[in-house]
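**Student:** Quick one: the structure is below, and I'll ask about it shortly.
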Amino acid sequence: MKMGILLICLLAMIVAAGAESSKNMENISIGALVPVTGDWATSGEQAKAALEVGLADVNQFLKNIGSDKRVVLTVADTKADPTTGLEKLTALHEQGMNTVIVAGSSREVQAMKDYADENGVLLIASSSTASTLAIPGDNIYRLVTDDTHQGEVMEQVLASRNISAIVPMARYDVWADDLLKATEKGFSARNGTALDAIRYAPDSADYSASVKALSKRVKETVARFGADKVGVYLLSFEEGSKIMALAARDPVLSSVKWFGSDGIANQADLVENGTIADFAVKTDFVAPIYSGADNRQLYKDVSNSVMNATGSEPNAYAVTAYDALWIATEAKLLAGNGSISQLKAAYEQIADNYCGATGRTMLNEAGDRDFADYSLLAVKETNGKYAWKKVGLFFANYDESGFEWID
117 MKMGILLICL
127 LAMIVAAGAE
137 SSKNMENISI
147 GALVPVTGDW
157 ATSGEQAKAA
167 LEVGLADVNQ
177 FLKNIGSDKR
187 VVLTVADTKA
197 DPTTGLEKLT
207 ALHEQGMNTV
217 IVAGSSREVQ
227 AMKDYADENG
237 VLLIASSSTA
247 STLAIPGDNI
257 YRLVTDDTHQ
267 GEVMEQVLAS
277 RNISAIVPMA
287 RYDVWADDLL
297 KATEKGFSAR
307 NGTALDAIRY
317 APDSADYSAS
327 VKALSKRVKE
337 TVARFGADKV
347 GVYLLSFEEG
357 SKIMALAARD
367 PVLSSVKWFG
377 SDGIANQADL
387 VENGTIADFA
397 VKTDFVAPIY
407 SGADNRQLYK
417 DVSNSVMNAT
427 GSEPNAYAVT
437 AYDALWIATE
447 AKLLAGNGSI
457 SQLKAAYEQI
467 ADNYCGATGR
477 TMLNEAGDRD
487 FADYSLLAVK
497 ETNGKYAWKK
507 VGLFFANYDE
517 SGFEWID
């Protein structure tokens, strides 16, 4: 607490000194790489809107305290493509930016890692969760927990649903690789059986062959364990709705429970498309997602602003981008024109003492968020209308963790 107060006082002195010394505005340049198009476009649009809310709030704060500094945010579309993301990061760095927020997937962050480390660029990731990117000492900091935590959540969900065997269907990327390993580790420790996953290319134009292979494997697994003991574990992004639309036509795939992940939780297609929604209800589909501190008033305010801008309720990863901009700004103010080592030290001190829209952001030794809550979401039907509902909660804090169904 004392360190937090000290940092606030120091930042106030920095911005006040700037106000006294110059009448001209001084820009604080920060970059943002966001998948506004591609297979994560919905989340990308929400993150972009949250960053715009954050930019307005940060600059209003600087104005209110009489500072001569203003944040200038440059947003580039990664198209959810690693190669494009690296190209855009290179361009931002060549424009003089050494602090960049990445509101995209782990495979995008993975593609940027070497460049960031070699060129002194601080990357602040607001939605990358792959556990293999949890590397102490590098230039990547993540304001979300890595997927060993989500694997623990899924282990408990599967156990509570009395699932004995899972048949995974997963994207080919580092995020799905790591989450699958994390879930399988805990599930196997409970004597569960994880079948070989059906894998598919994220940019595939047709998933019918993969769904057909999934059906065959599920049929074989049901013959061994019984339909009530088998679950399909889907690790997808927005393409998951296309996969579920195909699965809805298959009686074998409709006979078992389905489970998802943060990549598909709260996706609009699953409640707007009647066929998919009905399938989700029929198969008791449930998916965990990092929930931030969604009971905080600031979280609700940011969420409402994003919803007004995009027409859809944002997930916690989008709201995390809001916090990322605040922490990035404070770190830049504290480090000034210092080295990357000084900027990283400033970021770590700020993040460890920051409490924003998503709550406390204390970091672990890898520079990732130390702990977080997860909501369990399911599609529910009421009077012919479908909607995502919170049906469970996994909570974690300094001293304990727990899991409970709430519906």
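Every position in the sequence shown, counted from 1, becomes a number in our numbering once 116 is added. All residues carry an ideal CB built from backbone N, CA and C; glycine is no exception.
Can you tell me whether V188 is buried or exposed? The criterion is at least 16 other CB atoms within 10 Å of its CB, across all chains shown.
**Tutor:** Locating residue 188 in the sequence shown gives position 72, counting from the first residue. Label assigned to V188: exposed.
**Student:** According to DSSP, which residues form a beta bridge with D193?
**Tutor:** Translated into the one-based positions of the sequence shown, residue 193 becomes position 77. V150, per the DSSP bridge assignment.
**Student:** Determine which residues share a DSSP beta bridge with D373 and list them.
**Tutor:** For the purposes of this step, residue 373 is taken as the residue at position 257 of the sequence shown. The sequence given here has Lys at residue 373, not Asp. BP columns for K373 point to G347.
**Student:** The alpha helix (DSSP H) that contains V368, what's its start and end?
**Tutor:** Residue numbering aside, residue 368 sits at position 252 when the sequence shown is read from its first letter. From DSSP, V368 is part of no alpha helix (DSSP H); its letter is neither H nor E.
**Student:** For the alpha helix (DSSP H) containing F198, list its first residue and its last residue.
**Tutor:** Within the sequence shown, residue 198 is the residue found at index 82, counting from 1. According to the sequence as given, residue 198 is Pro; it is not Phe. Note, P198: alpha helix (DSSP H), 198-210.
**Student:** Would W521 be called buried (16 or more neighbouring beta carbons within 10 Å of its own) or exposed?
**Tutor:** Residue numbering aside, residue 521 sits at position 405 when the sequence shown is read from its first letter. Label assigned to W521: exposed.
**Student:** At the level of alpha carbons, what is the spacing between S145 and V191?
**Tutor:** The residue labelled residue 145 in the question sits at position 29 within the sequence shown. The residue labelled residue 191 in the question sits at position 75 within the sequence shown. Straight-line Cα distance between these residues: approximately 11 Å.
**Student:** Per DSSP, which residues does G472 bridge with? Please list them.
**Tutor:** As a working mapping, residue 472 is identified with position 356 in the sequence shown. The partner list for G472 (beta bridge, DSSP) reads G475.
**Student:** Please determine, among I256, V273, V422, the residue with the shortest C-alpha to C-alpha distance to Q162.
**Tutor:** Along the sequence shown, one-based indexing puts residue 162 at 46. Nearest option by C-alpha distance: V422.
**Student:** Among residues of its own chain, excluding the 5 on either side of T248, which ones have a beta-carbon nearer than 7 Å to its beta-carbon?
**Tutor:** Position 132 of the sequence shown, counted from the start, is the residue given in the question as residue 248. Answer for T248: V290, D294, listed in chain order.
**Student:** Name the DSSP beta bridge partners of L171, please?
**Tutor:** In the sequence shown, counting from the first residue as 1, residue 171 sits at position 55. DSSP lists no partner for L171.
**Student:** Any chance the CB of V260 is under 7 Å from a heavy atom of the ligand SAH?
**Tutor:** By its list of ligands, the structure shown contains no ligand whatsoever, and the ligand SAH lies outside what it can speak to.
**Student:** A246: which of L509, G236, A292, E355 sits nearest, CA to CA?
**Tutor:** Residue mapping note: residue 246 aligns to position 130 of the sequence shown, counting from 1. Considering only alpha carbons, the answer is A292.
**Student:** Going along the chain, which residues of its own chain have a beta-carbon closer than 8 Å to the beta-carbon of L311, five neighbours each way excluded?
**Tutor:** The residue given as residue 311 occupies position 195 in the sequence shown. For L311, where only same-chain residues beyond five positions count, the Cβ hits under 8 Å are A281, I282, V283, P284, R333, T337.
**Student:** Can you name, in chain order, every residue of its own chain whose Cβ lies under 7 Å from the Cβ of K416, other than the five neighbours on each side?
**Tutor:** Residue numbering aside, residue 416 sits at position 300 when the sequence shown is read from its first letter. Once the five neighbours on either side are set aside, K416 has no close Cβ partner at all.
**Student:** Identify every residue that forms a DSSP beta bridge with R258.
**Tutor:** Residue mapping note: residue 258 aligns to position 142 of the sequence shown, counting from 1. Answer is A241, D484.
**Student:** Can you name, in chain order, every residue of its own chain whose Cβ lies under 8 Å from the Cβ of Q266, other than the five neighbours on each side?
**Tutor:** In the sequence shown, the residue the question calls residue 266 occupies position 150. For Q266, where only same-chain residues beyond five positions count, the Cβ hits under 8 Å are T245, L295, A298, T299, S377, D378, P404, Y406, Y490.
**Student:** Any idea which residues DSSP pairs I584 with across the strands?
**Tutor:** In the structure as shown, the chain starts at 117 and stops at 523, and residue 584 therefore has no counterpart that could be examined.
**Student:** Give me the Cα-Cα distance between S326 and M360, rounded to the nearest whole angstrom.
**Tutor:** By one-based count along the sequence shown, residue 326 stands at place 210. By one-based count along the sequence shown, residue 360 stands at place 244. Rounded to whole angstroms, S326 to M360 spans 12 Å at the Cα level.
**Student:** Taking DSSP's pairing of strands, which residues face P430 in a bridge?
**Tutor:** Taking the first residue of the sequence shown as position 1, residue 430 is located at position 314. DSSP lists no partner for P430.
**Student:** Measure how close the beta-carbons of Y433 and S159 come, nearest whole angstrom, since I'm counting them as under 8 Å.
**Tutor:** The residue labelled residue 433 in the question sits at position 317 within the sequence shown. The residue labelled residue 159 in the question sits at position 43 within the sequence shown. About 6 Å separates the two Cβ atoms, so the contact holds.
**Student:** Label G508 either buried or exposed according to how many other C-beta atoms from any shown protein chain fall within 10 Å of its C-beta, with 16 as the threshold for buried.
**Tutor:** The count along the sequence shown starts at 1 and reaches residue 508 at position 392. So G508 ends up on the buried side.
**Student:** By DSSP, does A447 sit in helix, in strand, or in coil?
**Tutor:** For the purposes of this step, residue 447 is taken as the residue at position 331 of the sequence shown. DSSP places A447 in helix when its eight states are reduced to three.
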